[in-house]
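Inspection log for the structure reproduced underneath, given as structure tokens.
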Amino acid sequence: MTEIALGWMKELAEDALGNATMGLAVTATLRVSPNGSGEDGLTWRTAYQTIQAALDVASADPEDLTLVLIASHATYYDIDTTGDPTWAANVILCGSIPDFVQIRNTHVAATSILKLTGSSAIIDLQFYLGTGSLNGVIMTGGGATIIRLIFDGTGLTGAATAMHLDGSGPHAHHARALGCTFHGHISHMTGLLIDEYSFSNFDGCAYHQCLIGIKIVGTSADENDFANLDIGNCALGIDIDAGNNQHFHILRFHGNVRNVDDEVGDHDWSEIIGPFNIAILPDNLIGINVATGGAGAYGGDTELLAAAGRDNPFRIVGVNFEPDAAPAEWYQVRFSDDSGVTFYDVLMFQGVKREGIAAPSGTEHIFNAGTRISASARDVSGGDNVLVWVEIQEI
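In the UniProt record's numbering, the protein residues as written are 1 to 395.
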């Protein structure tokens with residue numbers, strides 16, 4: 001996790017226990033404890049015994065912010081409410097050690113654990129999704145923030161979403177998810193559903209054994225940042241159905257059936273880590289013929305990889321060349337991802353050559369799904385040909 005993210009988390013946690021957070025004054029502090037009297041929640045002695053009791057009295061005034069401190073529980077706090085239990089209050093729900101502050105909703109007619117529609121943050125809690133198809137948490141407000149949460153969906157027997165950022169209303173942007181763990185069921189649980197939220201930040205989270213780790217939907221779900229994520233043993237790591245210009249930096253994939261399914265294809269990828277297989281294309285011993293122009297002049301743009309054939313983000317890690325046998329002279333081949341308008345690499349060689357891509361880690365090109373790769377060539381005398389094979393690594 002980046003130092004900036006850690007510092008931000010520490011500052012927010014300190015503010016939550018002090019006087020201010022997210023630009024709003026904490027105007028009230030309530031306490032929840034299984035040992036409280038339930039009188040007014042103002043002290044640990046008079047603490048409310050349920051989270052919903054505190055949420056019921058928390059203010060929804062846009063100039064108010066209620067901090068709800070939640071003590072450890074020997075078993076769990078039960079919301080025990082039908083449907084999607086919804087509160088419009090502006091609140092920070094703050095626990096301590098997530099394994100000892102677990103929240104469930106065991107009502108037989110419940111469809112989620114809880115839903116917050118005001119300005120809200122949740123810190124250091126665990127949400128257990130149960131043994132059916134219960135969704136976890138739904139948040140709809142701008143700046144919705146979750147820090148160091150654990151979502152446990154290991155017991156699910158039907159489809160469920162652990163964390164739903166529902167941006168169907170106004171101001172659906174600037175969400176934060178920092179240091180959270182999504183431990184799911186590979187046949188049933190979607191970890192994080194980003195629905196129309198934009199310009200948000202997701203840092204230092206782990207997604208394990210999910211049906212889908214992260215799912216992005218909604219045409220306004222643009223310009224979100226994802227960094228320092230660990231996505232492992234999922235059926236699908238990241239599913240991008242809509243939203244433009246996502247930013248992915250330092251992602252580790254391992255053990256997934258599929259890492260990425262991208263239906264958009266205009267994102268930024270850097271430092272993507274994992275055991276990705278390498279293939280040589282075309283998968284034959286013939287190669288693709290790229291003709292040179294006149295002496296010292298480049299020939300026409302020649303397609304090496306068709307856009308329709310690229311379903312995942314990918315790197316080109318090496319290129320194999322076989323030029324005409326005579327004359328033995330210098331060749332240059334340049335490569336393009338925009339049909340010859342610009343060129344991201346130029347390689348120079350003499351004779352049969354296998355060339356690795358030399359860009360240092362973190363600076364290499366990672367191409368989006370649906371990217372067409374092409375090349376043009378030149379040599380000293382002109383009018384010659386070079387056969388080309390590319391080595392690609394799909395993410």
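Backbone N, C-alpha and C fix where the C-beta goes; we use that ideal spot for every residue, glycine too.
query                                                                                                                 : result
Classification of N245 by the beta-carbon crowding that lies within 10 angstroms, buried from 16 upward               : exposed
Close beta carbons around R258, own chain, < 6 Å, minus the five adjacent residues each side                          : L236
The stretch 217-225 contacting the stretch 158-175, beta-carbon criterion three pairs below 8 Å                       : yes
First and last residue of the uninterrupted beta strand (DSSP E) at I238                                              : 236-240
Contact check, V390 vs P323, beta carbons under 9 Å                                                                   : no
Residues of its chain near D345, where Cβ-Cβ distance is below 6 Å and the 5 sequence neighbours each way are ignored : F335
T219 versus G167: straight-line alpha-carbon distance, rounded                                                        : 11 Å
H73 to D99 span [Cα, whole Å]                                                                                         : 9 Å
Touch test, the stretch 284-291 against the stretch 252-269, Cβ-Cβ under 8 Å, three pairs minimum                     : no
Contact set for G23: own chain, Cβ-Cβ below 6 Å, skip 5 residues either direction                                     : Bear in mind that a pLDDT of 43 at G23, under 50, signals an unreliable position, so the number given afterwards is only what the model happens to contain. So the list is empty, once near-sequence residues are dropped.
H171 classed as buried or exposed, judged by whether at least 16 other C-beta atoms fall within 10 angstroms          : exposed
Counted within 10 angstroms of its Cβ, other Cβ atoms place S376 as buried (16 or more) or exposed                    : buried
Rounded distance between the beta-carbons of A162 and M189, thought under 8 Å                                         : 6 Å
Which of helix, strand or coil DSSP assigns to V57                                                                    : helix
Buried/exposed call for E39, threshold 16 Cβ in 10 Å                                                                  : exposed
DSSP state of I51 mapped onto helix, strand, coil                                                                     : helix
Which of helix, strand or coil DSSP assigns to G167                                                                   : coil
Collapsed DSSP secondary structure at residue 422 in the structure displayed                                          : Absent from the model: residue 422. The displayed extent of the chain is 1 to 395, so no value can be given.
Range covered by the beta strand (DSSP E) that runs through L69                                                       : 66-70
Short CB-CB distance (under 9 Å) between N320 and chain C                                                             : No chain C appears in the structure shown, which is made up of a single protein chain.
Boundaries (first-last residue) of the beta strand (DSSP E) holding H185                                              : Per DSSP, H185 belongs to no beta strand (DSSP E) and is neither H nor E.
Beta-carbon proximity check, F151 vs T111, cutoff 9 Å                                                                 : no
Through-space distance from S381 to G294, alpha-carbon basis                                                          : 7 Å
CA-to-CA distance, V137 to I122, given in whole angstroms                                                             : 10 Å
Cβ contact check for the stretch 342-357 and the stretch 304-314: 3 or more pairs under 8 Å                           : no
Whole-Å CB distance - I51 paired with I103, under 8 Å assumed                                                         : 7 Å
For L192 and V91, the rounded distance between their alpha carbons                                                    : 21 Å
Integer Cβ distance of F276 from Q393, believed to fall under 8 Å                                                     : 5 Å
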